[in-house]
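Note that the sequence shown covers residues -19 to -1, 1 to 189 in mature numbering (1 follows the signal peptide of the UniProt record, and there is no 0).
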Amino acid sequence: MKKAISLVLFGSFASFSQAEVGIPEQLEQCHKVKADAERLKCFDQIGKTKAEEKAEKTDSAEPESAGQWLVTSDKSPIDDSENVHVFLLAENQISSRFDRAITPSLSIICREKKTELFIDWGTYLGLDSTQVLTRIDSQQAINRSWQISTDSKATFYSGQSIAYIKYLMKSKKMFVKITPYGENPVQATFALEGLSNAIQPLRKSCKW
């Protein structure tokens, strides 16, 4: 599969609150930060409340649920690192060519210590890239180009993958809409609850 393509002023971003600046606007601010470390820190603060920041510093005695996320792992034949695959099936099926019912899946992988996010649609999408509309929770919908996999059935997020995943970790629902090549638009909804817990093995393997 094709590798995902890497996705002012940082200044006082930490002082932003969700009430003052919406998530899409905060994302736009972070995209403008030039230094990699500062940009990741900026993305990590998106939508975070003071209560959430305090909770992050407190160890919880109760294990958290992984929701509907599934996790698999294996040893890389290239560098012996642990490859981790965290994935989730959509809440709905889509109808592809020949009226086949397909359940899209949202995947996050750590492969040879590189993190990527993609959606497998199970149907022909075209070549190179395509427009994908996403909406996280009740935030503004965003339409942007995602890279198409070499088998033409999956779309890879073409931005700062780790920053985007951290954004999803704080969210509950992801709505996605795409138009497969020569077909009508299809859409899928993913229940994101539990990602923060399920993704721990992947974060450990990819060291972030």
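Every residue gets a Cβ at the ideal spot worked out from N, C-alpha and C, and that includes glycine.
Can the beta-carbon of residue i be found less than 8 Å from the beta-carbon of residue j?
| i | j | result |
| --- | --- | --- |
| valine 67 | isoleucine 143 | no |
| isoleucine 117 | glycine 103 | no |
| threonine 115 | valine 157 | yes |
| tyrosine 162 | lysine 134 | no |
| isoleucine 159 | threonine 136 | yes |
| isoleucine 100 | leucine 87 | yes |
| leucine 98 | tyrosine 138 | yes |
| cysteine 23 | threonine 96 | no |
| isoleucine 146 | glutamate 93 | no |
| serine 182 | valine 14 | Inspection of the sequence shows that residue 182 is occupied by proline rather than by serine. The answer is no: Cβ separation not under 8 Å. |
| asparagine 178 | glutamate 63 | no |
| alanine 169 | alanine 47 | no |
| glutamate 164 | arginine 78 | yes |
| isoleucine 89 | valine 167 | no |
| leucine 69 | glutamine 49 | yes |
Just list the residues that DSSP pairs residue i with in beta bridges.
| i | result |
| --- | --- |
| tyrosine 111 | Per the sequence shown, residue 111 should be read as threonine rather than tyrosine. According to DSSP, which records beta bridges pairwise, threonine 111 is partnered with Trp127. |
| serine 76 | Ala82 |
| threonine 53 | His66 |
| serine 88 | Phe68 and Phe99 |
| isoleucine 117 | Met155 |
Please list the terminal residues of the continuous beta strand (DSSP E) segment that includes residue i.
| i | result |
| --- | --- |
| alanine 172 | 167 to 172 |
| lysine 158 | 154 to 159 |
Starting from residue i, trace the alpha helix (DSSP H) both ways and give me its first and last residue.
| i | result |
| --- | --- |
| isoleucine 100 | Taken as a continuous stretch (DSSP letters only), isoleucine 100 belongs to no alpha helix (DSSP H), being part of the beta strand (DSSP E) at 95 to 101. |
| serine 177 | 176 to 179 |
| alanine 135 | No alpha helix (DSSP H) holds alanine 135; the beta strand (DSSP E) holding it covers 135 to 137. |
| isoleucine 146 | 142 to 150 |
Is any beta-carbon of chain C found at less than 8 Å from that of residue i?
| i | result |
| --- | --- |
| tryptophan 127 | Included in the structure is just one protein chain, with no chain C present. |
Would you be able to state if there are at least three C-beta pairs under 8 Å between the region 119 to 132 and the region 167 to 186? Fewer than three Cβ pairs drawn from the region 167 to 186 and the region 119 to 132 lie within less than 8 Å of each other, which leaves the two stretches out of contact.
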